[in-house]
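Colleague: Numbering (this note's numbering), first residue to last: 1 to 143.
1. Please look up how many angstroms separate the CB atoms of residue 16 and residue 117, rounded, as I've assumed it's under 8 angstroms.
2. Taking the C-alpha atoms as reference points, what is the distance between residue 102 and residue 132?
3. Please determine, among 115, 64 and 34, the residue with the shortest C-alpha to C-alpha distance to residue 81.
4. Please indicate yes or no: does the CB of residue 57 lie closer than 7 angstroms to some heavy atom of the ligand MN?
5. Excluding the 5 residues preceding and the 5 following residue 115 in the sequence, name in chain order all residues of the same chain whose CB lies nearer than 8 angstroms to its CB.
6. When you compare the CB positions of residue 31 and residue 64, do they come within less than 8 angstroms of one another, or not?
7. Can we say the stretch 83-99 touches the stretch 35-46, given the rule of at least three CB pairs closer than 8 angstroms?
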C-alpha cells in the first residue's frame, strides 16, 4: 500500500498487448460505425454507401490482425461512436467525415509504436492512413 491507503496496482502501466487489445476493440467499433454510416447514406448516395462498406470490411481485417496477436475473441462493438457519427452524418456530413478522417489518422499514430514488436501491424497502419485520405476524398466528392 502506498501513502494514503492507495495501491499502486490502480496505476498499472498498460502492456503492449493491452494496447493491441484496445486497438482490436477499436477496429470492431470502426467496422460497426462504417456499416451504420452506409445505412444513413444508402438511399441518397448508394456509391458512397458502398465505399463505407469497403472500409468496414477492411476494418474487420484489421480486427483479425489484432486477434492473431492478442488471442482474444471480441464479439460486441461499443456503439457510441457509430451512433454519434451517424447522427452527425445526417445533419453535417462534412463534419462527420472530418471526425472520421481524424480518427483514422489517430489510429495510425497509435499503431506506430508497435510495428517493431508486431510487424503484421504495419499494413494496418498504412490502411488507416488510406482510410483517412479516403474520407477526405469522399467528403470533397459528395459534400
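Virtual Cβ for every residue (Gly too), placed ideally from N, Cα, C.
Fair warning: this is a prediction, and the values are worked out from it, not measured in the lab.
Modeller: Let's see:
1. Contact holds; Cβ gap of about 6 angstroms.
2. Cα to Cα, residue 102 sits roughly 7 angstroms from residue 132.
3. 34
4. Looking at this structure, you won't find the ligand MN or any other ligand, since it has none at all.
5. 121, 122 and 125
6. no
7. yes
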